[in-house]
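**Student:** Sharing a structure below in structure tokens format, with a few things to ask.
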Amino acid sequence: MIYLFSKSGLKLLESLCFTKTLFAFDFDGTLSKIVKEPGNATISKRTHGLLEQLGDQVPVAVISGRELSDLKSRFKYKSHLFVGNHGLEGINENASHQSSFREFSEDWKAQLETLIKEPREGIEIEDKIYSLAIHYRKSRKKKLAKTTILECLSFLKPSPRVIMGKCVVNIIPTGAPHKGVALLELMLKSNTKSAFYIGDDDTDEDVFSLQDANIFTVRVGQKAVSNAKFYIRDQGEINHLIETILSFLKQAKTAEFREARHEAFE
Amino acid sequence: MKPLSNPEFEDSMARLLSVNLSFLAINKALEASVGLSIVQWSLLQALIRMPAVSPLALAKTLNVTPGTLSATLSRLLRKKYVFACVDPRDSRKKMISITREGKDALVLTSRIFSSIFSDIHTVHNEIDLIEHFLTNNAKQNLQKIKKHKIPKKDLQF
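Keeping their order, the protein sequence lines are chains H and R. If you're matching positions, the first sequence starts at 22 in the working numbering and goes up one per residue. If you're matching positions, the second sequence starts at 18 in the working numbering and goes up one per residue.
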């Protein structure tokens, strides 16, 4: 992976601003810090303001594992494109598929309530209607909690797709759309041939693994086994990233304006 | 294949060669005076829409061989109009992008080219005919010769 704010990374990032590009962001751990209580996750005023400025100029999307209504409620600016539930909500929703996904999730939740016995302390099942998230951040014995959860998941019928997150295990219906599919759909919807995507954990690897060379992928935090091409050091650099993109867009626009003015006076 | 008489054939081939030489000459003249040749300009036009692209993907888009692209890319790299770095996902591959200087040169050159070639639309049909002839007729005839593996000494006209 290349550090995004290196000379190479910045040149490549700038070139994205020369053409119509979709800028897409994960939420937890990317736009907002990871917090103990998922309900308390917020994006800072500064980040919110920068994202709004960006959204005024280019298509902006937020793709999250959160439920769509939960995700949207955390933004005042409503013109962004929002996709929730790892790609299950917000884009090309199919009513009959969603009905099946809901049934699977309800069924798994019922099974898990029975299967996860001891230790239960610190393990919470979040029902996101079309998928589940099992949080163990509050557990004092995280390793044991994780092992317990994974063991229980092996008994679930039908078998779900399991995606590990940061102190969370996501359970998604097999064959359901994922973040990578969502990004491709959003590119079609916004009529863009290039995209920029930044995320922080394994749920974002579905985007990082896309073979489309026009998708510029960035991971929050360097990780040897990630498919992302670039990384920023930590979530604290997100504002600097958006400011940099805005600066490149401004320079590109200034050059175009100078050119247009030159033509007008010829 | 209807054979031409020798003088007709030689005359036509000379004209074809003249078109090629004229194109090469104007390409060279444009690069010397404006800063970019038509070939380089076309490459930058493609590149601005395809950030961080591999040379192979770029060659496919432009419908040229990677070898043909390589010479043009080298010139643009020297001018710092494009930038290349190793693909982090595969160290055997490269990623190419247009630089800010390249973008500025492209914008300026596009304006100049649209003045120089302002009447190009009047010869669209002729250009189409020549292109069609080279890519279809001539190429197909060549394929036939290759397919039937006719020794060169036995080719009859």
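We put the CB at the ideal spot given by N, CA and C, even for glycine.
Below 8 Å, can you find three or more Cβ-Cβ pairs linking the stretch 63 to 83 of chain R to the stretch 107 to 127 of chain R?
**Tutor:** The stretch 63 to 83 of chain R, when compared against the stretch 107 to 127 of chain R, does touch it at the 8 Å Cβ threshold.
**Student:** Run the CB neighbour count on D221(H), radius 10 Å, all protein chains shown included, and call it buried at 16 or more, exposed below.
**Tutor:** For the purposes of this step, residue 221(H) is identified with residue 200 of the first sequence, where counting begins at 1. Its Cβ being crowded by 16 or more others within 10 Å, D221(H) is buried.
**Student:** Excluding the 5 residues flanking F100(R) on each side, which residues of the same chain have their C-beta closer than 6 Å to its C-beta?
**Tutor:** The residue labelled residue 100(R) in the question sits at position 83 within the second sequence. The residues are S114, T116.
**Student:** Nearest CA to the CA of D233(H): which residue from S247(H), G76(H), I259(H), L204(H)?
**Tutor:** Numbered from its first residue, the first sequence carries residue 233(H) at position 212. Looking at the Cα atoms, L204(H) is the closest of the given residues.
**Student:** If you draw a straight line from the alpha carbon of H138(R) to that of D145(R), how long is it in whole angstroms?
**Tutor:** Within the second sequence, residue 138(R) is the residue found at index 121, counting from 1. Within the second sequence, residue 145(R) is the residue found at index 128, counting from 1. If I take the Cα positions, the gap works out to 11 Å.
**Student:** Please confirm whether T116(R) has its beta-carbon closer than 9 Å to some beta-carbon of chain H.
**Tutor:** The residue you call residue 116(R) lines up with position 99 of the second sequence. Chain H, which has a Cβ nearer than 9 Å to the Cβ of T116(R), makes this yes.
**Student:** Quick one: what's got a C-beta closer than 7 Å to I55(H)'s C-beta in the same chain, skipping five residues either side?
**Tutor:** Within the first sequence, the letter at position 34 stands for residue 55(H). Excluding positions up to five away in sequence, the list reads D49, K187.
**Student:** Enumerated in chain order, which unbroken segments of the beta strand (DSSP E) with a length of 3 residues or greater are wholly contained in the stretch 81 to 157 of chain R?
**Tutor:** With a minimum length of 3 residues, the continuous beta strand (DSSP E) runs that stay inside the stretch 81 to 157 of chain R are 99 to 104, 107 to 115.
**Student:** Quick one: give me the first and last residue of the beta strand (DSSP E) that R182(H) is part of.
**Tutor:** Taking the first sequence and counting its residues from 1, the one referred to as residue 182(H) is at position 161. Where R182(H) is concerned, the enclosing beta strand (DSSP E) stretches over 182 to 186.
**Student:** Expressed to the nearest angstrom, what Euclidean distance is found between the alpha-carbon atoms of L72(H) and I84(H)?
**Tutor:** Counting from 1 along the first sequence, the entry for residue 72(H) is found at position 51. Counting from 1 along the first sequence, the entry for residue 84(H) is found at position 63. Straight-line Cα distance between these residues: approximately 14 Å.
**Student:** If you drop the 5 nearest sequence neighbours on each side, which residues of the same chain put their C-beta closer than 7 Å to that of T289(H)?
**Tutor:** With chain H covering 22 to 287 only, the question about residue 289(H) has no answer from this structure.
**Student:** Classify N235(H): buried if its beta carbon has 16 or more other beta carbons within 10 angstroms, exposed otherwise.
**Tutor:** Within the first sequence, numbered from 1, the residue matching residue 235(H) stands at position 214. Buried, by the Cβ-count rule.
**Student:** State yes or no: is the beta carbon of A74(R) nearer than 9 Å to at least one beta carbon in chain H?
**Tutor:** In the second sequence, the residue the question calls residue 74(R) occupies position 57. Yes, because at least one Cβ of chain H sits closer than 9 Å to the Cβ of A74(R).
**Student:** From E134(H) to S126(H), what distance separates their C-alpha atoms?
**Tutor:** On the first sequence, position 113 is the one that residue 134(H) refers to. On the first sequence, position 105 is the one that residue 126(H) refers to. Rounded to whole angstroms, E134(H) to S126(H) spans 12 Å at the Cα level.
**Student:** Is I150(H) helix, strand or coil when you go by DSSP?
**Tutor:** Reading the first sequence from its first residue, position 129 is the one you call residue 150(H). If DSSP states are grouped into helix, strand and coil, I150(H) belongs with coil.
**Student:** Indicate whether at least one CB of chain H lies closer than 9 Å to the CB of P105(R).
**Tutor:** In the second sequence, residue 105(R) corresponds to position 88, counting from 1. Chain H, which has a Cβ nearer than 9 Å to the Cβ of P105(R), makes this yes.
**Student:** Does F174(R) get closer than 9 Å to chain H when you measure Cβ to Cβ?
**Tutor:** Stepping through the second sequence from its first residue, residue 174(R) is reached at position 157. Residue placement at F174(R) is flagged as unreliable, the pLDDT there being 45, under the threshold of 50; the coordinate-derived value follows with that caveat. So no, F174(R) is outside the interface.
**Student:** Does N212(H) come out as helix, strand or coil in the three-state DSSP assignment?
**Tutor:** Translated into positions along the first sequence, residue 212(H) becomes position 191. It is coil, neither helix nor strand.
**Student:** At a Cβ threshold of 9 Å, is L270(H) touching chain R?
**Tutor:** What you label residue 270(H) is simply residue 249 of the first sequence in a count that begins at 1. By this cut-off, L270(H) is not an interface position.
**Student:** Run down chain H in chain order and give the residues with a C-beta less than 7 Å from the C-beta of R66(R).
**Tutor:** Walking along the second sequence from the start, residue 66(R) turns up at place 49. Going along chain H in sequence order, the residues near R66(R) (Cβ under 7 Å) are T40, K214.
**Student:** Mind checking V189(H): buried by the 16 CB within 10 Å criterion, or exposed?
**Tutor:** The residue you call residue 189(H) lines up with position 168 of the first sequence. Buried, because 16 or more other Cβ atoms sit within 10 Å of the Cβ of V189(H).
**Student:** Whole angstroms are fine: how far does the CA of F229(H) sit from the CA of M22(H)?
**Tutor:** Within the first sequence, numbered from 1, the residue matching residue 22(H) stands at position 1. Within the first sequence, numbered from 1, the residue matching residue 229(H) stands at position 208. Approximately 12 Å, taken between the alpha carbons.
**Student:** Between F134(R) and chain H, is there a C-beta pair that is closer than 9 Å?
**Tutor:** Working through the second sequence from its first residue, we reach residue 134(R) at position 117. Closer than 9 Å: no.
**Student:** Using only the alpha-carbon positions, how far apart do A45(H) and R87(H) sit?
**Tutor:** By one-based count along the first sequence, residue 45(H) stands at place 24. By one-based count along the first sequence, residue 87(H) stands at place 66. Roughly 15 Å between the two C-alpha positions.
**Student:** Using a Cβ cut-off of 7 Å, pull out every chain R residue sitting near M22(H), in sequence order please.
**Tutor:** Counted from its first residue, the first sequence places residue 22(H) at position 1. Here the neighbours are P105.
**Student:** Using DSSP with H/G/I as helix, E/B as strand and the rest coil, what is I162(R)?
**Tutor:** Taking the second sequence and counting its residues from 1, one reaches residue 162(R) at position 145. Of the three classes helix, strand and coil, the one that applies to I162(R) here is helix, per DSSP.
**Student:** For chain R, is any of its Cβ atoms less than 9 Å away from the one on S211(H)?
**Tutor:** Here residue 211(H) refers to the residue found at position 190 of the first sequence. No, its Cβ sits nowhere closer than 9 Å to a Cβ of chain R.
**Student:** Under 6 Å Cβ to Cβ from V123(R), same chain only, skipping five residues before and after it: list those, please.
**Tutor:** Working through the second sequence from its first residue, we reach residue 123(R) at position 106. Reading off the sequence, residue 123(R) comes out as Leu, not Val. Within the same chain, L123(R) has close Cβ partners L61.
**Student:** Determine the contact status of K250(H) and V239(H), defining contact as a CB-CB distance below 9 Å.
**Tutor:** In the first sequence, the residue the question calls residue 250(H) occupies position 229. In the first sequence, the residue the question calls residue 239(H) occupies position 218. Their beta carbons are under 9 Å apart, which means K250(H) touches V239(H) by this criterion.
**Student:** Around the Cβ of M208(H), are there at least 16 other Cβ atoms within 10 angstroms (buried) or fewer (exposed)?
**Tutor:** Translated into the one-based positions of the first sequence, residue 208(H) becomes position 187. Buried.
**Student:** Pull up the DSSP beta-bridge partners for T42(H), would you.
**Tutor:** In the first sequence, the residue the question calls residue 42(H) occupies position 21. T42(H) pairs with S215(H).
**Student:** Go ahead and label H107(H) buried or exposed: buried means 16 or more other beta carbons lie within 10 angstroms of its beta carbon, across all protein chains shown.
**Tutor:** Start at 1 with the first residue of the first sequence, and residue 107(H) comes out as number 86. It is buried - the Cβ of H107(H) has at least 16 other Cβ atoms within 10 Å.
**Student:** Interface residues of chain R around K54(H) at Cβ under 8 Å?
**Tutor:** Position 33 of the first sequence holds residue 54(H). Simply none; closest approach about 26 Å.
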